[in-house]
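A.B. asks: First, the structure itself, so that you have it in front of you.
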Amino acid sequence: FMLVSVPPGLPGVYACEGGYFRREGPANVPLGPRALRELFLARSDRGLEAEPVPDGTAEDLDWEAVRTYAALLPHPGTSPEELLRQRGGLTADGRPTYAGMLLFGREPQRFLPSAEILLVRYPGTSMGDVFLKEVARGPLPQQIRQAEAFLAANMRRGARIDALERAEQPEYPLAAVRECIVNAVAHRDYRIRGEEIRVLLFADRLEVYSPGRLPGHVTVENLVHERYARNQILVQVLADMGFVERLGYGIDRILTLMQAESLPEPTFEETANGFRVTLRGHGERLIEARPDGFRWASLALNPRQRQALAFVAQHGRITNHDLQQLCPEVSAETIRRDLADLVEQDVLIRIGDKRATFYILKK
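Structure below.
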């Protein structure tokens with residue numbers, strides 16, 4: 099007999115009898131021109147993140163944010179410009195790449211309008227006319243923080259019915275929620291225009307949809323065991339910033355965190371043009387559970403105020419400095435007015451004076 103050993107192919111594009119196909123269930127589906135183009139782009143060695151931004155200049159970057167990032171790394175003799183060039187955020191001639199713009203741009207959506215996160219909270223188990231909505235824009239770190247704050251403010255909280263002692267618990271493990279958001283931001287296909295990341299919080303589940311099918315040789319079946327980063331620059335810098343706990347192990351961490359709270363395994367689904375993760379939380383096993391976001395749904399709150407309420411819900415109190423750290427793009431006076439407005443609307447209570455001032459939720 100003859101034994102033929104075929105090694106795994108590289109993440110390229112292969113033709114079969116002059117045609118290109120994609121496996122969907124038991125069928126081989128021919129690829130049309132658009133799908134074939136996206137496949138070639140997805141399998142190319144050079145992703146969009148490394149390309150220079152047309153019409154983008156170094157002045158479009160927030161260099162204070164770059165310096166803050168540089169301070170996190172052990173490169174005492176390296177200038178912020180050189181460090182950003184080494185990381186892939188600048189080209190050799192000093193132009194920002196898409197990665198640099200997404201991570202440190204003053205207004206990244208001017209160059210990539212779809213690089214944003216749509217955040218929606220529905221009170222039921224399906225889409226309807228009643229919902230809370232927010233859109234996270236700005237550089238990716240800011241988007242991640244805003245998405246986390248929105249979900250923390252709007253998911254149900256309560257005590258576990260089977261808990262030995264009464265303790266507040268969120269509907270979903272917050273660390274698992276963060277991993278889902280970071281994975282979506284880090285691994286989405288930024289070449290796909292006209293479609294944003296969508297985070298939908300229903301009464302019975304949390305869905306995180308990311309544009310772009312799984313990259314390289316990764317499939318839903320081998321997702322847990324295989325490693326392949328579409329956007330290596332984004333992943334590395336987000337890891338440097340502390341958003342990624344361990345490179346290449348985001349899915350493993352989500353599974354572990356859900357299992358630790360005896361929750362169902364997440365479901366992973368590849369759609370025609372994207373990838374969806376669905377989490378199912380404690381739900382009705384929480385008593386006295388309610389989404390705080392609906393408590394304030396009738397109030398005209400801006401995104402910064404919602405972030406403030408999410409912070410208070412998680413930490414019990416907030417100071418001007420805390421909110422300034424969450425929203426570094428606005429002035430100290432704007433922060434002061436935001437918190438004062440929440441006091442006037444009977445949402446927060448101010449305690450202390452001058453630098454000792456902090457705010458708590460009004461019961």
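Read left to right, the sequence shown gives residues 99 to 461 (this note's numbering).
All C-beta atoms, glycine included, are put in the ideal place defined by N, C-alpha and C.
(1) Going by beta-carbon coordinates alone, are Phe-248 and Arg-404 separated by less than 8 Å?
(2) For Glu-368, tell me which candidate among Val-306, Glu-431, Glu-359, Arg-219 has the shortest Cα-Cα distance.
(3) Flag this pair as touching only if the segment 330-345 and the segment 421-440 have three or more C-beta atom pairs under 8 Å; answer yes or no.
(4) Could you pull out every residue in the same chain whose Cβ sits closer than 8 Å to the Cβ of Glu-293, ignoring the five residues on either side in sequence?
(5) Helix, strand or coil: how does DSSP classify Lys-231 here?
(6) In terms of residue numbering, what span does the beta strand (DSSP E) encompassing Glu-180 cover?
(7) Excluding the 5 residues flanking Glu-324 on each side, which residues of the same chain have their C-beta closer than 6 Å to its C-beta?
(8) Using the rule of at least 16 other Cβ atoms within 10 Å of the residue's Cβ for burial, across every protein chain shown, is Cys-278 buried or exposed?
(9) Can you tell me whether Gly-348 is helix, strand or coil according to DSSP?
(10) Can the beta-carbon of Leu-397 be found closer than 8 Å to that of Gln-443?
(11) Just to confirm the assignment: which complete alpha helix (DSSP H) runs, minimum length 4, are found wholly within the segment 265-303?
(12) In the DSSP assignment, the beta strand (DSSP E) including Phe-366 goes from what residue to what residue?
(13) Report buried or exposed for Leu-101, applying the criterion of at least 16 other Cβ atoms within 10 angstroms of its Cβ.
(14) Taking 8 Å as the threshold (C-beta atoms), are Val-283 and Leu-238 in contact?
(15) When the distance is taken between beta carbons, is Leu-181 closer than 8 Å to Met-253?
(16) Can you round the beta-carbon distance between Leu-377 and Leu-201 to whole angstroms, since I take them to be within the 8 Å contact cut?
(17) How many angstroms separate the CA atom of Val-111 from the CA atom of Gly-226?
(18) Within the chosen definition, does the segment 145-161 reach the segment 185-201 through at least 3 CB pairs nearer than 8 Å?
(19) Name the residue from Thr-223, Ser-224, Arg-243, Gln-267 whose alpha carbon lies nearest to the alpha carbon of Glu-232.
(20) Pro-426 to Phe-119, Cα distance in whole Å?
(21) Can you list, in chain order, the residues of its chain whose CB lies under 8 Å from that of Met-339, leaving out five sequence neighbours each side?
(22) Quick one: measure Cβ to Cβ for Glu-269 and Gly-379, integer angstroms, because I've assumed they're closer than 8 Å.
(23) Counting only the same chain and skipping the five closest in sequence on each side, list residues whose C-beta sits under 6 Å from that of Gly-348.
(24) Going by other Cβ atoms of all chains shown within 10 Å of its Cβ, with 16 needed for buried, is Val-297 buried or exposed?
(25) With a floor of 3 residues, list each beta strand (DSSP E) that falls wholly inside the segment 181-226, ordered by position along the chain.
(26) Identify whether Ala-261 lies in helix, strand or coil by the three-state DSSP scheme.
(27) Which residues in the same chain have their Cβ closer than 6 Å to the Cβ of His-285, if we skip the five residues on either side of it in sequence?
(28) Assign Ile-295 to buried or exposed, taking buried as 16 or more other Cβ atoms, counted over all protein chains shown, within 10 Å of its Cβ.
(29) May I have the straight-line CA-CA distance separating Arg-219 from Leu-230, to the nearest angstrom?
(30) Could you tell me which of Phe-409, Val-318, Val-410, Pro-401 sits nearest to Arg-374, measuring between CA atoms?
(31) Alpha carbon to alpha carbon, how far is Glu-246 from Asp-350? Give it in angstroms, no decimals.
(32) Quick check: what's the CA-CA separation for Glu-431 versus Gly-314?
(33) Between Trp-161 and the rest of its own chain, which residues show a CB-CB distance below 7 Å, the 5 nearest in sequence each way excluded?
(34) Between Glu-214 and Arg-183, what straight-line distance do the alpha-carbon atoms span, to the nearest angstrom?
(35) Hey, quick one: how far does the alpha helix (DSSP H) through Pro-239 stretch, first residue to last?
C.D. replies: Once the coordinates are examined:
(1) yes
(2) Val-306
(3) no
(4) Ser-212, Pro-309, Asn-371, Gly-372
(5) strand
(6) That residue, Glu-180, is in no beta strand (DSSP E); its alpha helix (DSSP H) goes 178-185.
(7) Val-316
(8) buried
(9) helix
(10) yes
(11) 272-285
(12) 365-368
(13) exposed
(14) yes
(15) no
(16) Not confirmed; about 26 Å, so no contact.
(17) 41 Å
(18) yes
(19) Arg-243
(20) 48 Å
(21) Tyr-167, Leu-170, Pro-239
(22) 4 Å
(23) Glu-277, Asn-281
(24) buried
(25) 215-219
(26) Summary for Ala-261: the model assigns pLDDT 41, below 50, so the residue's position carries little reliability, and this model does not support an answer.
(27) Arg-328
(28) buried
(29) 5 Å
(30) Val-318
(31) 20 Å
(32) 48 Å
(33) Pro-178
(34) 24 Å
(35) 238-252
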